[in-house]
Amino acid sequence: MNWKCDNCGYTFESEPDKLPEKCPSCQQKCTFLNITCYTPECQIPQGSGIDPRIGKKD
Ligand SMILES: [Zn+2]
Numbered sequence: 001m002n003w004k005c006d007n008c009g010y011t012f013e014s015e016p017d018k019l020p021e022k023c024p025s026c027q028q029k030c031t032f033l034n035i036t037c038y039t040p041e042c043q044i045p046q047g048s049g050i051d052p053r054i055g056k057k058d
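Per the UniProt record's numbering, the sequence shown starts with residue 1, numbered consecutively.
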């Protein structure tokens, strides 16, 4: 999975359970954003497995 530091924008690849406590780049305890699905390798089709009606209450 790909992650992006919310503080400095540094991106790296890591397993979710092996995320570093501190950002490798800015050495801060940042929030790491999962950007896996923003990469071209993302194979998940839009809306797959999710009923589009869920969450829509008219
Ligand atoms: Zn950082």
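C-beta: ideal position from N, C-alpha, C; glycine also.
C-alpha distance - residue i paired with residue j, whole-angstrom precision
i: Lys29; j: Arg53; result: 38 Å
i: Gln27; j: Tyr10; result: 11 Å
i: Glu21; j: Cys5; result: 11 Å
i: Asn2; j: Thr36; result: 5 Å
i: Phe32; j: Asp17; result: 12 Å
i: Asn7; j: Ser14; result: 17 Å
i: Ser25; j: Leu19; result: 13 Å
Exposure label - residue i; buried when at least 16 CB within 10 Å
i: Cys23; result: buried
Distance cut-off 8 Å: residue i Cβ against heavy atoms of ligand 2
i: Asn7; result: Absence of ligand 2 from the depicted structure is noted, with ligand 1 being the only ligands included.
Please output, in chain order, the residues near ligand 1 using a CB cut-off of less than 5 Å to any non-hydrogen atom of the ligand.
One residue after another in chain order, those with a Cβ under 5 Å from a heavy atom of ligand 1 are Cys5, Asn7, Cys8, Tyr10, Cys23, Ser25, Cys26 and Cys30.
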